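Colleague:
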Amino acid sequence: MSTLPFSWVSLLCAVTLFCHLTSSTLVPPVSSAIGSKPSLSDLSSFAYNASISPTSPILTLDYGSEVLGTPTFDVVAVSGPSQFEFKYSEEFAGLNNKYGDGPWTFANGLSNTFRTETFNITEPGSYASYFLQGGLRWQSVKLLTNTTVTFSQIGLDTKTTILPNDQLPGFFNASKSIYSDIWGLGAKTVQAACVDNASLVSTWEVTDQGVLLHGQEPAQSAIGVNFSNYTMSFLTKIVRGGTGWRVASSIIPYGPYFVLTSNYPQDTSFLNTDTELLPPSSLVTGYGFSLVNQTTLTSGPVTSQTLNMTINEDQWYEINTTISSNGYKISINGTLVATISYDEAETWPSALFGPPSAVEGTWGFGPFQDQVAYVKDVSVFASNGTILYENPMTSTSILEEYGVAPNQLPLCLDGSKRDRVVWLGDFVHTARTVLASTNRTDHIFGVVDFEFAFQIDSGTGAGYTPTSAPMGSSPSYKTLRYPVNYAIDDYQIFFMVSLGDLYRTTGNLDLFKEYWNQTKLLSSAMLDKIDPITGLMGDTGSYFFSGAVNGTAPSALMVIALNQLVVVAEALGDTATAVQYKSAAANISTAVNSLLWNEEIGSYSYSLAAPTNISAASVAFAIRSGIANTTQASLSIASLSALKYGCGYLTDNTAPGSNSSQLSPNILGFLLESLFIANTTLSVPTLEVAKDLLDNFWSMMVTQNEYYSGATWEYLYPNGAPGIDLFTSLAHPWGSAPTYVLEEYVLGVSSLEAGYKKWKFQPLLYGLELDFAEGVIPVPGGSIFASWKLLNGSRVQLEVEAPAGTTGIIELPSIQQIYVESGSALQKNRSEISVNGGDKVVLYAIL
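See the structure below:
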């Protein structure tokens, strides 16, 4: 089995305990209710020895906020053979939905695809789910049989430690408590969404009978992504319910999906089996991500065909699937049982995630919900009979091939419940939130190791790092995962920005000595995306999440990335690269201002093709990059009123707003920081908009009990509800920008020299209706403790203590007089006071 590099993570693991916090802890619910339906309001402190019965068949469990782990329970009494259904959800409404708030069909996150699972017990004892459940707050237990079951203990066995805010290395508190709560959202999010190394096991169980698969989204072989017009053969034995497989699939589980159901014998079947979707002894066919829709992950119609044979459990069957000239031909034990046309494959294509055509793509395996089956002896034949692939499926080497190996690095994922993959664009927020709160640098360096291990070294795609690689995959198959897992160009640029942020915050130059050549290869790939005619970012083959080809947002984002990497290049003594990046950044900046600044709309154009449209990302990146001058920043921020909608702001105005518009904490997080930057560096009055975002947008994640997770969300609707319905990730680090923004711009502590060797304390004393703020910023060598408090009149009390060997500047507006109570401080001019690390400085200033 191949391994990922452990360079920086191994070093951290050798000197800290962080990389080995993998012992498990049982997390119990905080409150519960028993009744005839799930309950939001009639909850009381969780009581052990809780019983469900036909008259009160549903136990509602509330964990209070985001948790995750393997569901476990102890039964102390049962009146007879019993079945009950566990259901999980981040928001309460999921408990009233057939599938909870799932299923999660985009990727195998080394966790349960499904948010509903069924148990059958006959006697008291301790029981556990086969799978880990990703992030949730709510759980229900629904009795299915005419029996009584008493639980003495129930909860989640977890290896994820989520600490209270006041026990973290970073901290923020302010006189407006909602801001303290908002800071805590991000701190909880990254604890729930980041995983320790070797803390997650495979969802596949390799045995001498083949691989044992419990119901889960199929995982695909990387080897077959370029295959076409083949026959895939395998042996399968159904343990319960059915078996599932794919052919002509993308490496992402998208394409035709086949499920063979058993005859549902009474002694193994569940009472809640959906026999309408999955009739007994039938071949069920779907197309897309799954047999069921999940909000944005839609699938084609599902068809079923009752077979002229009984499909028994605990019996081996040989299944052949041939991609023929007129459809997918399915044979069982040599008998043709169905020919499925290509109609759905041609009706439901996915240009970004799907296979190239109905006859191209790889194969995969995964039964549907609550099904269990063995798979072995997989063979793939070309149309001329040539053997292309053979695998007995009895070696653990298959786990990396199918992308389901245990995680080998500490990583930060895009969400706690879904997609549970390393989405690279999200990392630009995640990394800064981690460094501002948990300071788990092993998680951050783990992502860097992971991304560069998967970087395409040469040829097509050279320099690209994966934008959505699953944890269980291996660099051995990286070229086969290209381009599907590498598809978003500005996510590459976001990674460049993240690297610059990481150097500015940690000062870890050795990390960049290790990866500088690969960083330059990545940067070169993005520089090649500059349109030679316009000088802006984008060519005909580009895809940007943040904006359009030849648009302001991706172009300004590239300027941010290049300027930050100039600092790294200079620190490494790579003068030629520093000069190259400076020149490129200057040229792009000039192109943005000359081609995209639009006096008529008073803002930067969305793109050359949409000159009268604006976007929040365009404004944000034009300001942070330094492209916008004071006038341009002021006008651009004023133009944001055109995007104001409901509790927040639309991403852009290329389409009119509606009740179903998705407001993005990701994009608005970039905007939030840029508003403070414009206020601080350009003296542009921006705090009314910043305050609106904090008070009326992020506050929605705190104040609504039915949706509350204690973490930051993926999207919001204009009315403040989760913005992709039940699919919305309610522990999504890309929404966590306030956690680092409040520390850096409201408390006011920022790094002036890499690794906080020199730092600035510039408290924001006005504009947000605050009387005080205090916090702790983790830095190399210790922490910076800082606080400010407004006193009577124009006086302010300041306290700051930083590690010895550092120097700092306290910056205030128009200092009239200072009084130093303790420590040493030297007033340099009317706005700056010089202090040294190693002493606690307490001073009073009259402004």
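All the letters of the sequence shown, read from the start, carry residue numbers -24 to -1, 1 to 823 under mature numbering (1 follows the signal peptide of the UniProt record, and there is no 0). Glycine included, each C-beta is placed from N, C-alpha and C at the ideal position. All values reported here derive from a predicted model rather than from experimental measurement.
(1) Could you tell me which of Glu93, Glu99, Ser20 and Gln115 sits nearest to Pro14, measuring between CA atoms?
(2) Given a threshold of 16 other Cβ atoms within 10 Å of its Cβ, counted over all protein chains shown, does Leu(-13) qualify as buried or as exposed?
(3) Got a sec? Which residues, its chain only, sit under 6 Å from Ser449 by beta carbon, not counting five neighbours each side?
(4) Are the beta-carbon atoms of Ala168 and Thr207 separated by less than 8 Å?
(5) Beta-carbon separation of Ile306 and Leu259 under 8 Å?
(6) Assess, as a yes-or-no matter, whether the segment 406 to 424 is touched by the segment 154 to 164 under the definition of 3 or more beta carbon pairs within less than 8 Å.
(7) Suppose you measure from the CA of Ala532 to the CA of Ser615; what does that come to, to the nearest Å?
(8) Could you tell me the alpha carbon to alpha carbon distance between Thr(-22) and Ser225, rounded to whole angstroms?
(9) Specify whether the segment 89 to 98 and the segment 56 to 70 touch according to this definition: at least 3 beta carbon pairs, one from each stretch, less than 8 Å apart.
(10) Would Glu427 be called buried (16 or more neighbouring beta carbons within 10 Å of its own) or exposed?
(11) Just how far apart, CA to CA, sit Leu(-4) and Asp172?
(12) Strictly by DSSP, which residues pair up with Asp50?
(13) With the cut-off set at 8 Å, would you say Asp133 and Thr46 are in Cβ contact?
(14) Under DSSP, the beta strand (DSSP E) around Tyr795 begins and ends at which residues?
(15) Using CA atoms only, rank isn't needed, just tell me which of Pro508, Thr123, Thr441 and Thr279 is closest to Tyr491.
(16) With a 10 Å radius around its C-beta and 16 neighbouring C-beta atoms as the bar for buried, classify Lys816 as buried or exposed.
(17) Alpha carbons only, please: which of Leu512, Thr551, Thr516 and Ser499 is nearest the one belonging to Leu538?
(18) Would you identify the three-state DSSP class for Trp80, choosing helix, strand or coil?
(19) Give the range of the alpha helix (DSSP H) segment to which Gln115 is assigned.
(20) Where does Gly150 fall in DSSP's three states?
(21) Per DSSP, Glu777 forms a beta bridge with which residues?
(22) Please state the DSSP three-state secondary structure of Thr370.
(23) Around the C-beta of Arg480, are 16 or more other C-beta atoms found within 10 angstroms, so that it is buried, or is it exposed?
(24) Which residues bound the beta strand (DSSP E) around Trp492?
(25) Does Asn672 pass the burial test, meaning 16 or more other C-beta atoms within 10 Å, or should it be called exposed?
(26) Going by beta-carbon coordinates alone, are Phe60 and Leu119 separated by less than 8 Å?
(27) Which of the three DSSP states, helix, strand or coil, is assigned to Gly45?
(28) In angstroms with no decimal places, state the Cα-to-Cα distance between Glu649 and Gln792.
(29) Tell me the rounded alpha-carbon separation between Gly751 and Ile227.
(30) Quick check on Gln608: does DSSP put it in helix, strand or coil?
(31) Reducing DSSP to helix, strand and coil, say where Ile228 ends up.
(32) State the CB to CB distance for the pair Gly624 and Leu644, rounded to an integer number of angstroms; the pair is presumed to be in contact (CB under 8 Å).
(33) What are the boundary residues of the alpha helix (DSSP H) that His708 is part of?
(34) Put Ile564 into one of helix, strand or coil per three-state DSSP.
(35) Apply the 10 Å Cβ neighbour rule to residue 830 and answer buried if 16 or more other Cβ atoms are within range, or exposed otherwise.
(36) Nearest by alpha-carbon distance to Glu322: which of Leu819, Gly303 and Leu774 is it?
Modeller: Reading it off the structure:
(1) Shortest Cα-Cα distance from Pro14 to any of Glu93, Glu99, Ser20 and Gln115 involves Gln115.
(2) Low local confidence applies: a pLDDT of 41 at Leu(-13) is under 50, so the model's placement there is unreliable, and no value is given.
(3) Contacts found: Gly379.
(4) Going by C-beta atoms, Ala168 is not nearer than 8 Å to Thr207.
(5) The beta carbons of Ile306 and Leu259 sit closer together than 8 Å.
(6) The segment 154 to 164, when compared against the segment 406 to 424, does touch it at the 8 Å Cβ threshold.
(7) So the two alpha carbons sit approximately 18 Å from each other.
(8) Because Thr(-22) sits at a pLDDT of 44, beneath the cut-off of 50, its placement in the model cannot be relied upon, and the following sentence gives the value as read from the coordinates. In this structure, the CA atom of Thr(-22) is about 26 Å from the CA atom of Ser225.
(9) Contact holds between the segment 89 to 98 and the segment 56 to 70, because three or more Cβ pairs, one in each stretch, are under 8 Å apart.
(10) Here Glu427 is buried. Its C-beta has 16 or more other C-beta atoms within 10 Å.
(11) Bear in mind that a pLDDT of 40 at Leu(-4), under 50, signals an unreliable position, so the model cannot answer this.
(12) The partner list for Asp50 (beta bridge, DSSP) reads Ser102 and Gln129.
(13) A contact, by the Cβ cut-off of 8 Å.
(14) Gln793 to Ser798 is the span of the beta strand (DSSP E), which, as asked, contains Tyr795.
(15) Check the Cα spacing between Tyr491 and each of Pro508, Thr123, Thr441 and Thr279: the tightest is with Thr441.
(16) Burial call: exposed.
(17) Closest by C-alpha distance to Leu538, out of Leu512, Thr551, Thr516 and Ser499, is Ser499.
(18) Reduced to three states, the DSSP call for Trp80 is coil.
(19) Boundaries for Gln115: no alpha helix (DSSP H) harbours it, while the beta strand (DSSP E) harbouring it runs Gln109 to Leu119, taken from the DSSP string.
(20) The question names Gly, but residue 150 is Ala in the sequence shown. Correct three-state label for Ala150: strand.
(21) In the DSSP assignment, the residues bridged to Glu777 are Phe761 and Lys816.
(22) Here Thr370 carries a coil assignment [DSSP, helix/strand/coil].
(23) So Arg480 ends up on the buried side.
(24) Counting along the chain, Trp492 falls outside any beta strand (DSSP E), though it belongs to the alpha helix (DSSP H) covering Leu485 to Leu503.
(25) Asn672 is exposed by the Cβ-count criterion.
(26) Here Phe60 is near Leu119, since their CB atoms are less than 8 Å apart.
(27) Note: Gly45 maps to strand in three-state DSSP.
(28) Approximately 29 Å, taken between the alpha carbons.
(29) Cα-Cα distance, rounded: 45 Å.
(30) DSSP places Gln608 in helix when its eight states are reduced to three.
(31) Residue state, collapsed to three classes: coil.
(32) Approximately 6 Å separates the beta-carbon atoms of Gly624 and Leu644; this is inside 8 Å, confirming the contact.
(33) First-last for His708: undefined, no H or E at that position.
(34) Of the three classes helix, strand and coil, the one that applies to Ile564 here is helix, per DSSP.
(35) Since the first residue shown for the chain is -24 and the last is 823, residue 830 is missing from the structure and cannot be characterised.
(36) Ranking the options by Cα distance to Glu322, first place goes to Gly303.
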